[in-house]
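Trainee: Submitted below is the structure of interest, expressed as structure tokens.
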Amino acid sequence: MESLKELYKIGRGPSSSHTIGPERAAKIMMERYPTADFFEVELLGSLAFTGKGHRTDFVLQKTFNVDCKVVFNTELKELMHPNTFIIRAYKDNQLLASLTFYSIGGGSLQIEGEEKTPKDEIYSEKNMKEIIFWCHLNNCSFVDYVFAHEKVTIKGYLNKVYEKMEESIERGLQKQGTLPGKLHIERKAKSIYDSRIQGEDNCDLKTIASYALAVAEENAAGEQVVTAPTCGSSGVLPAILRFAKEKYHFSQEKIIESLAVAGIFGNVVKTNASISGAECGCQAELGTACAMASTALAYLFDLSLEQIEYVAEMALEHNLGLTCDPLEGMVQIPCIERNVIIALRVLDLVELAKLFTNSHKISFDMVVQTMKETGMDLSYKYRETAEGGLARLKDKII
Ligand code: SF4
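Going letter by letter, the sequence shown gives residues 1215 to 1612 in this note's numbering.
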């Protein structure tokens, strides 16, 4: 598995596969072909179907330092990866080079014909079973596991990640008005945050909801967020961490450690299944975000290795089958509200993991595999193409 730096990326929304990934690809092309005076980008698969709503063309045109043309090719459906795009570099109308990229989720890329090298693999363990075995063998925690494998710089990086998460909450809580796009959705984070009354039953609910909304609304507006594990699902983990930090007074150090724990679980899903809505539906994005945030909170509450693994398993299991069907191809409906719902679910999952200890029949690794198989079985309509499900209601919204 790769470094957590490859999981937690700081970048602009609204969709890591559609914005951060193509932006990184554009930078690779400019670095490799500095003499190019024109680029053509051909978007295929889900990128072509939802690239407009996800603002892929806008990001590409902003990133390239010379002219660029973006073509949306919705014809090809049999692709190596549902988020495929080709970038062609030209000089004086002559083709210099053409590279095929796969935007594999969370802003990560694969370039056709360029396999990953072993040096990219920081962790030799391949799944959660092996990680837990390593922890028992060395008598240590998930946090020790991460810090033993990553370079020391990871602590500084995770601090920066948390800082950016808090910034996105702060910015989102200050803004009002309508989000960009045809759906004319009003931002709600600030009004919900301001309506809280300390001591009232629903104060915690409003706090978590407003934090998750703040980030999800910032993401929908194309502002900076942290992939956790993706842009579309970026509201859940920051909401839980900030809430826990304030309510239970956890130290900054412990919050950073919980980010490391959450990262390991996200990494296992990314490595053995997918965190891409285009590949496996929203179960891969918000299902994984639910698992990550649940493990972070479970770690903060001092649950055991097995209880933390159990909460991750439950979190992913009960999001199996969740489809990706955003209206108008924008990361707004159902995405923004779904970040809130999933964040609220995290509190119950952690309490249930304490109650259900020792009744565990299915492992996290088994659910990760099931999620992958379920995702592969989903019709393309439910994998970020905006062709089915809720997306079909776009002309009927009230
Ligand atoms: S429905 Fe889920 S997977 Fe699809 S764009 Fe929205 S957040 Fe991402």
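A virtual CB, placed ideally from N, CA and C, is assigned to each residue, including glycine.
Taking 7 Å as the cut-off, is the CB of Glu1542 close to at least one heavy atom of the ligand SF4?
Mentor: Every heavy atom of the ligand SF4 is 7 Å or more from the Cβ of Glu1542, so no.
Trainee: Give me, in chain order, the residues of the same chain whose beta-carbon lies closer than 7 Å to that of Met1506; leave out the 5 immediate sequence neighbours on both sides.
Mentor: Answer for Met1506: Ala1442, Pro1443, Leu1451, Ala1476, Phe1479, Gly1480, listed in chain order.
Trainee: Helix, strand or coil: how does DSSP classify Leu1221 here?
Mentor: The answer is coil: DSSP assigns Leu1221 none of H, G, I, E or B.
Trainee: Measuring only from the beta carbon, is Leu1500 closer than 7 Å to any heavy atom that is part of the ligand SF4?
Mentor: At least one heavy atom of the ligand SF4 is nearer than 7 Å to the Cβ of Leu1500, so yes.
Trainee: On the DSSP bridge assignment, give the partners of Asp1281 in chain order.
Mentor: DSSP, once it has assigned bridges, lists Phe1252 as partnering Asp1281.
Trainee: Which residues does DSSP list as the beta-bridge partners of Phe1286?
Mentor: Partner(s): Leu1257.
Trainee: Is Val1483 near the ligand SF4, going by C-beta to nearest heavy atom under 7 Å?
Mentor: Not so, every heavy atom of the ligand SF4 lies at least 7 Å from the Cβ.
Trainee: When you compare only the Cα positions, how much space is there between Lys1404 and Ser1424?
Mentor: Near 7 Å, if we compare the C-alpha coordinates of Ser1424 and Lys1404.
Trainee: In whole angstroms, what is the alpha-carbon distance linking Phe1299 and Ala1557?
Mentor: If I take the Cα positions, the gap works out to 33 Å.
Trainee: Output the boundary residues of the alpha helix (DSSP H) element that contains Thr1502.
Mentor: Counting along the chain, the alpha helix (DSSP H) containing Thr1502 begins and ends at 1502–1514.
Trainee: Starting from Ile1301, follow the beta strand (DSSP E) in both directions and report where the run begins and ends.
Mentor: Run containing Ile1301: 1298–1305, per the beta strand (DSSP E) assignment.
Trainee: Note down the Cα distance separating Val1366 from Phe1578, rounded to an integer number of angstroms.
Mentor: Spanning the two alpha carbons is a distance of roughly 28 Å.
Trainee: Please state whether DSSP places Gln1324 in a helix, a strand or coil.
Mentor: Here Gln1324 sits in strand by DSSP.
Trainee: Hey, is Pro1394 close to the ligand SF4, as in C-beta under 7 Å from one of its heavy atoms?
Mentor: No - the ligand SF4 has no heavy atom lying nearer than 7 Å to the Cβ of Pro1394.
Trainee: My understanding is that Thr1264 touches Glu1499, with C-beta atoms under 8 Å, so please give their C-beta distance in whole angstroms.
Mentor: Not quite, the Cβ-Cβ distance comes to about 13 Å (not below 8 Å), so this is no contact.
Trainee: Looking at Cys1538 and the ligand SF4, is the gap between the Cβ and the nearest heavy atom below 7 Å?
Mentor: Yes.
Trainee: Are the segment 1544–1552 and the segment 1419–1434 touching by the rule of at least three beta carbon pairs closer than 8 Å?
Mentor: Yes, the segment 1544–1552 touches the segment 1419–1434.
Trainee: Could you tell me the alpha carbon to alpha carbon distance between Gly1395 and Lys1266, rounded to whole angstroms?
Mentor: Using only the alpha carbons, I get a separation of about 10 Å.
Trainee: Is there at least one non-hydrogen atom of the ligand SF4 closer than 7 Å to the beta-carbon of Val1429?
Mentor: Answer for Val1429: no, Cβ out of range of the ligand SF4.
Trainee: Since Tyr1316 sits in a beta bridge, which residues does DSSP pair it with?
Mentor: Thr1298, Gln1324.
Trainee: By DSSP's criteria, Glu1400 is part of a beta bridge. Which residues make up the other side?
Mentor: BP columns for Glu1400 point to Thr1392.
Trainee: Any heavy atom of the ligand SF4 inside 7 Å of the beta-carbon of Ser1229?
Mentor: Yes, the beta carbon of Ser1229 sits closer than 7 Å to at least one heavy atom of the ligand SF4.
Trainee: Count Cβ pairs between the segment 1221–1240 and the segment 1269–1284 that sit closer than 8 Å; are there 3 or more?
Mentor: Yes, the segment 1221–1240 touches the segment 1269–1284.
Trainee: Beta-carbon within less than 6 Å of Leu1387's beta-carbon, same chain only, minus the 5 sequence neighbours each way: which residues are those?
Mentor: Cβ within range, chain order: Ala1403, Lys1404, Tyr1407, Ala1428.
Trainee: Tell me, please, which residues DSSP counts as bridged to Gln1438.
Mentor: In the DSSP output, where bridge partners are listed per residue, Gln1438 has Arg1226.
Trainee: Using the three-state DSSP reduction, which class does Ala1498 fall into: helix, strand or coil?
Mentor: If DSSP states are grouped into helix, strand and coil, Ala1498 belongs with the helices.
Trainee: Return yes when at least one heavy atom of the ligand SF4 lies under 7 Å from the C-beta of Pro1443, else no.
Mentor: Pro1443: no, Cβ never under 7 Å from the ligand SF4.
Trainee: Please state the DSSP three-state secondary structure of Leu1592.
Mentor: Note: Leu1592 maps to coil in three-state DSSP.
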